[in-house]
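I have placed the structure first, in the form of structure tokens, so that the comments after it can refer back to it.
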Amino acid sequence: MFGSTCHKINVNYLNICGFAVNIYGYGINTGDIDIFIEDTIANR
Numbered sequence: 001m002f003g004s005t006c007h008k009i010n011v012n013y014l015n016i017c018g019f020a021v022n023i024y025g026y027g028i029n030t031g032d033i034d035i036f037i038e039d040t041i042a043n044r
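Shown next as structure tokens:
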């Protein structure tokens, strides 16, 4: 849901954890989600 919402409002972000690896089909459960949101005026 977070990703689809960011996509709808054009927010640039990056998943930086095991959660991101799950998107590509690898099973790693870290129990948390680390997200980097690009710090630009357009993203605020």
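Here the sequence shown is numbered in UniProt numbering, starting from 1 and rising by one per residue. Backbone N, C-alpha and C fix where the C-beta goes; we use that ideal spot for every residue, glycine too.
Taking DSSP as the reference, what is the three-state secondary structure of residue i?
i	result
residue 45	The chain is shown only over 1 to 44; residue 45 falls outside these bounds and no answer can be derived.
N43	helix
N15	strand
I28	coil
I33	coil
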